[in-house]
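All remarks here apply to the structure that follows.
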Amino acid sequence: MSPLHQNILAPSLLAGDHAALGESALHIEQAGLKWIHLDIMDAHFVPNLSFGPQLLKDLRSKVGLFFDTHLMLDEPHRYIDAFIDAGAQNVTIHVEPHYPIKETLAKIRARGCGVGLALNPGTPAEAVKPFLSDVDLILAMTVQPGFGGQAFREDVLPKIAQLHTWRVEGNLSYRLQVDGGIDTLSGPRCQAMGADTFVVGNAFFKAKDLQGVLNTFKA
Ligand code: DX5
Ligand code: ZN
4 MSPLHQNILA PSLLAGDHAA LGESALHIEQ AGLKWIHLDI MDAHFVPNLS
54 FGPQLLKDLR SKVGLFFDTH LMLDEPHRYI DAFIDAGAQN VTIHVEPHYP
104 IKETLAKIRA RGCGVGLALN PGTPAEAVKP FLSDVDLILA MTVQPGFGGQ
154 AFREDVLPKI AQLHTWRVEG NLSYRLQVDG GIDTLSGPRC QAMGADTFVV
204 GNAFFKAKDL QGVLNTFKA
């Protein structure tokens, strides 16, 4: 299968040093990568709490990375402006909570920001099908969101293939992102199903062979 997009590796700052997040972000930039994945958690939609818009604001002047912002929030529509004003360049919201999804996707796009839609491992691909032409990225979670360092869920692989098939059949161009337990073994398995955008937390920040990780995902 010919790839639609060049691979992008997006390290998740959640796996960085929370006492020195600016240094962790610089570490991503010094590794020659372009994207940083910012996991925003509200302790409601997911059982964890992470960062707010102020972090993006303060990081904005320190690194030139693309801010790929993953909102794991029950009410993401209330925080779109705050994160985009703080420097978010892609905002991904989840399909599971109950809020005006189509309008929120349109609002993110109207602000000139990249827009993504995420689905958890237990959510069927059909849940995002109505929105495929409204997004620049679909995020297929390969762990139940909330924490880094979890085991990759290979039961998500058929869903990734389905999302790729719909992309080809519909002549759509969204990026297909995976997030959770992605490393040098699970990453290529996802790529074989059509994934082209890879979030790595522990596989990046705790890498014994960082060059090996970078080589695995090189386009
Ligand atoms: C989980 C987060 C993931 C996580 C990835 O809720 O959305 O981005 O930080 O970390 P690893 O790659 O260590 O699973
Ligand atoms: Zn994430």
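The sequence shown begins at 4 in this note's numbering and counts up one residue at a time. Quick reminder that beta carbons are idealized off the backbone N, C-alpha and C, glycines included. Values in this document were obtained by computation on a predicted structure and should not be read as measured data.
For residue i, I'd like the list of residues in its chain whose CB is within less than 8 Å of its CB, leaving aside the five on either flank, ordered along the chain.
i           : result
residue 169 : 128, 132, 135, 175
residue 100 : 48, 76, 77, 78, 79
residue 146 : 124, 153, 154, 155, 156, 182, 183, 184
residue 108 : 96, 118, 120, 134, 137, 138
residue 46  : 52
Using 8 Å as the threshold, is the C-beta distance between residue i and residue j below it?
i           : j           : result
residue 90  : residue 59  : yes
residue 160 : residue 34  : no
residue 177 : residue 140 : yes
residue 142 : residue 194 : no
residue 130 : residue 98  : yes
residue 13  : residue 71  : yes
residue 156 : residue 197 : no
residue 28  : residue 56  : no
residue 114 : residue 87  : yes
residue 164 : residue 186 : no
Please work out which residues of its chain come closer than 6 Å, Cβ to Cβ, to residue i, disregarding the five sequence neighbours upstream and downstream, and give them in chain order.
i           : result
residue 69  : 37, 38, 92
residue 208 : 18, 19
residue 44  : 51, 52, 53, 75
residue 210 : 216
residue 189 : 155
residue 203 : 14, 185
What three-state label does DSSP hand residue i in the structure shown?
i           : result
residue 218 : helix
residue 192 : helix
residue 175 : coil
residue 165 : helix
residue 86  : helix
residue 7   : coil
residue 42  : strand
residue 159 : helix
residue 25  : helix
residue 136 : helix
residue 73  : strand
residue 93  : strand
residue 212 : coil
residue 185 : coil
residue 120 : strand
residue 200 : strand
residue 14  : strand
residue 143 : strand
Taking residue i and residue j to be in contact with their CB atoms under 8 Å, please state how far apart those CB atoms are, rounded to whole angstroms.
i           : j           : result
residue 64  : residue 42  : Actually they do not touch by this definition, with Cβ atoms about 21 Å apart.
residue 8   : residue 199 : 4 Å
residue 32  : residue 66  : 5 Å
residue 221 : residue 10  : 7 Å
Which residues in the same chain as residue i place their Cβ atom closer than 7 Å to its Cβ, once the five residues preceding and following it in sequence are excluded?
i           : result
residue 150 : 51
residue 126 : 98, 99
residue 110 : 83
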